[in-house]
Amino acid sequence: MFSDVKSLFSRNMNNFDIAAENTVRIAASKNSSEEIDFCLQPLNGKVVIRASDIAGNYSTPYDPHIENTSVFRQALDSITIQARDEQGGAVNYEKTTSVIFGGYDNHSLTGEIEHLDHNFLTWRPQVDFVVPNIKQQLTFVIYNTGELVLIRSRKISVKVYFKTTLPKVFEIGTFDDNMTLYRIDCSYQTIRELTKNVDDEIVAYDIFGAEGDTLPRPCTIRPQRFVVKESNLSDSYFFFQNTLGGFDTIVATGEIKEVSKGEVYTVSTLQGEVEVENAHIRAWEVNTGYISTSQEESLWREFLQSTNRYVLFRDGSQRQIVVEEYKAERTKLELGSFTFKYHYADKERGLYYQRSEELKEYIK
Numbered sequence: 547m548f549s550d551v552k553s554l555f556s557r558n559m560n561n562f563d564i565a566a567e568n569t570v571r572i573a574a575s576k577n578s579s580e581e582i583d584f585c586l587q588p589l590n591g592k593v594v595i596r597a598s599d600i601a602g603n604y605s606t607p608y609d610p611h612i613e614n615t616s617v618f619r620q621a622l623d624s625i626t627i628q629a630r631d632e633q634g635g636a637v638n639y640e641k642t643t644s645v646i647f648g649g650y651d652n653h654s655l656t657g658e659i660e661h662l663d664h665n666f667l668t669w670r671p672q673v674d675f676v677v678p679n680i681k682q683q684l685t686f687v688i689y690n691t692g693e694l695v696l697i698r699s700r701k702i703s704v705k706v707y708f709k710t711t712l713p714k715v716f717e718i719g720t721f722d723d724n725m726t727l728y729r730i731d732c733s734y735q736t737i738r739e740l741t742k743n744v745d746d747e748i749v750a751y752d753i754f755g756a757e758g759d760t761l762p763r764p765c766t767i768r769p770q771r772f773v774v775k776e777s778n779l780s781d782s783y784f785f786f787q788n789t790l791g792g793f794d795t796i797v798a799t800g801e802i803k804e805v806s807k808g809e810v811y812t813v814s815t816l817q818g819e820v821e822v823e824n825a826h827i828r829a830w831e832v833n834t835g836y837i838s839t840s841q842e843e844s845l846w847r848e849f850l851q852s853t854n855r856y857v858l859f860r861d862g863s864q865r866q867i868v869v870e871e872y873k874a875e876r877t878k879l880e881l882g883s884f885t886f887k888y889h890y891a892d893k894e895r896g897l898y899y900q901r902s903e904e905l906k907e908y909i910k
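To get our numbering, take the position in the sequence shown, counting from 1, and add 546.
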């Protein structure tokens with residue numbers, strides 16, 4: 547990564563200056579394609595390149611891979627920035643960096659390298675809940691180039707706690723692809739399959755990582771604990787891309803009600819008024835349930851500002867959603883809740899339910 551930008555995250559790249567006397571043409575590309583270019587006029591012998599703004603032009607939501615139950619590898623995107631003197635044509639600056647499209651608050655996270663060394667890309671509480679058939683995923687990064695050296699390989703394991711059997715550790719895998727986001731499926735079914743030879747009930751499990759080779763500093767990933775609980779029919783489950791580029795699952799325990807809406811469009815003819823379109827949209831208003839900690843509040847705020855969100859159903863299916871509006875007010879040091887309204891991103895074209903093969907004898 548070139549030292550000018552000083553961050554792996556697109557939103558946290560710094561502005562940087564290059565010397566120039568004439569108009570400078572800036573060209574940028576993602577993965578050697580999708581090029582954009584523009585001109586900058588020098589001021590006091592220099593032009594200012596806003597790397598975070600340039601990278602932001604290429605920011606797109608990541609595929610959630612909700613149905614993937616194994617490890618998913620996602621190569622980091624590569625951004626190239628070139629500055630050329632428009633009169634002489636000489637290239638006086640050209641650098642390439644790999645990025646995660648996301649970012650963080652510099653006031654709350656002050657050590658990016660330390661955080662990436664020791665944490666998954668998640669904002670969820672370190673002790674969270676998991677229920678059967680609901681997706682859980684953890685992401686980490688391997689990145690080594692130039693001045694930024696994180697970790698050359700990771701060994702990811704899970705420590706499983708059973709109801710009566712002593713805890714056991716199982717290896718998920720060792721991963722060493724450079725410039726890669728690894729996404730680990732941590733759903734209950736995946737861990738149950740890993741421990742299928744243990745005839746006992748799983749009550750909780752910890753996902754953690756250790757360095758796969760010797761480095762000058764310890765690089766273990768702090769554990770993420772999932773406590774198993776029964777599914778509650780009144781709960782709503784959501785899966786979303788967070789600002790670090792990972793995916794988190796969050797549970798709303800408050801009231802949910804359908805608040806469908808629509809507009810009917812008509813035209814008038816000699817025979818009378820005719821409906822030509824019914825723009826009906828099914829929508830749901832959801833209350834988060836009581837938010838009791840700052841970690842819970844932060845996770846809900848991550849969900850609300852995400853643009854890549856899904857509602858999860860207990861049969862293992864999912865649908866992408868759009869959050870229309872929300873009210874996120876909470877008095878400090880008091881219990882409170884947020885409310886938001888969402889609808890499906892894809893248009894519904896009629897409801898369907900499974901019919902029985904036969905009916906019971908009718909008795910009046």
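In this text, a Cβ means the ideal position worked out from N, Cα and C, and glycines have one as well.
Inset, instruction - Kindly indicate which three-state DSSP category residue 566 falls into: helix, strand or coil? - result: coil
Legend entry - Distance, residue 587 Cα to residue 672 Cα: 49 Å
Inset, instruction - Have a look at residue 646 and residue 906 and give me their C-alpha separation to the nearest angstrom. - result: 58 Å
Inset, instruction - Determine the direct distance from the alpha carbon of residue 720 to that of residue 702, and round the result to whole angstroms. - result: 6 Å
Inset, instruction - Go through its chain and collect everything with a Cβ distance to residue 746's Cβ below 7 Å, but skip five positions before and after it. - result: Same-chain partners within the cutoff: 708, 709, 710, 711.
Inset, instruction - Below 6 Å CB to CB, which residues in the same chain sit around residue 761 once its five sequence neighbours on both sides are set aside? - result: Residue confidence for residue 761 is low, a pLDDT of 49 falling below 50, so the modelled location carries little weight; the figure read from the coordinates is stated next. Nothing listed; no residue qualifies.
Legend entry - Other residues of its chain near residue 820: CB distance less than 7 Å, five sequence neighbours each side excluded: 812, 813
Legend entry - Straight-line gap, residue 876 to residue 749 (C-alpha atoms, nearest Å): 32 Å
Legend entry - For residue 770 and residue 752, believed in contact at Cβ under 8 Å, the rounded distance: 7 Å
Legend entry - Cβ neighbours of residue 658 in the same chain (closer than 8 Å, five flanking residues each side left out): Counting only Cβ-Cβ distances below 8 Å, and skipping sequence neighbours, we find 553, 554, 555, 558, 650.
Inset, instruction - Please report how far the alpha carbon of residue 822 lies from the alpha carbon of residue 904, in whole angstroms. - result: 38 Å
Legend entry - For residue 790 and residue 722, the rounded distance between their alpha carbons: 20 Å
Inset, instruction - Run the CB neighbour count on residue 582, radius 10 Å, all protein chains shown included, and call it buried at 16 or more, exposed below. - result: exposed
Legend entry - Sequence-distant residues of its chain with Cβ nearer than 6 Å to residue 783 (five each side left out): Hits under 6 Å: 680, 797, 858.
Legend entry - Start and end residues, beta strand (DSSP E) containing residue 886: 885-890
Legend entry - Of the listed residues 846, 803, 808, nearest to residue 831 (C-alpha basis): 803
Inset, instruction - May I have the straight-line CA-CA distance separating residue 806 from residue 584, to the nearest angstrom? - result: Whole-angstrom Cα-Cα distance: 45 Å.
Inset, instruction - Please name the residue, chosen from 565, 656, 574, 669, that lies closest to residue 842 on a Cα-to-Cα basis. - result: 669
Inset, instruction - Identify every run of the beta strand (DSSP E) within the stretch 824-908, keeping only runs that are complete inside it and at least 3 residues long; order them along the chain. - result: 829-833, 855-858, 864-873, 885-890
Inset, instruction - Please classify residue 589: does DSSP put it in a helix, a strand, or coil? - result: strand
Inset, instruction - Within 10 angstroms of the Cβ of residue 733, are there 16 or more other Cβ atoms? Answer buried if so, exposed if not. - result: Per the 10 Å Cβ criterion, buried.
Inset, instruction - Would you give the residue range spanned by the alpha helix (DSSP H) that residue 528 belongs to? - result: Residue 528 is absent from the structure shown; the chain starts at 547 and stops at 910.
Inset, instruction - Determine the closest residue to residue 731 out of 565, 644, 850, 619, with distance taken between C-alpha atoms. - result: 619
Inset, instruction - Determine, using beta carbons only, whether residue 852 and residue 787 come nearer to each other than 8 Å. - result: yes
Legend entry - Secondary structure of residue 727, DSSP reduced to three states: strand
Legend entry - Burial state of residue 625, where buried means 16 or more other Cβ atoms lie within 10 Å: buried
Inset, instruction - For the alpha helix (DSSP H) containing residue 602, list its first residue and its last residue. - result: 597-602
Inset, instruction - Label residue 643 either buried or exposed according to how many other C-beta atoms from any shown protein chain fall within 10 Å of its C-beta, with 16 as the threshold for buried. - result: By the beta-carbon neighbour count (other beta carbons within 10 angstroms, threshold 16), residue 643 is buried.
Inset, instruction - Following the continuous alpha helix (DSSP H) through residue 612, name the residue where it begins and the one where it ends. - result: Careful: residue 612 lies outside any alpha helix (DSSP H) and carries neither H nor E.
Legend entry - Distance CB(residue 829)-CB(residue 887) smaller than 8 Å: yes
Inset, instruction - For residue 639, write down the residues that DSSP places opposite it in a beta bridge. - result: 629
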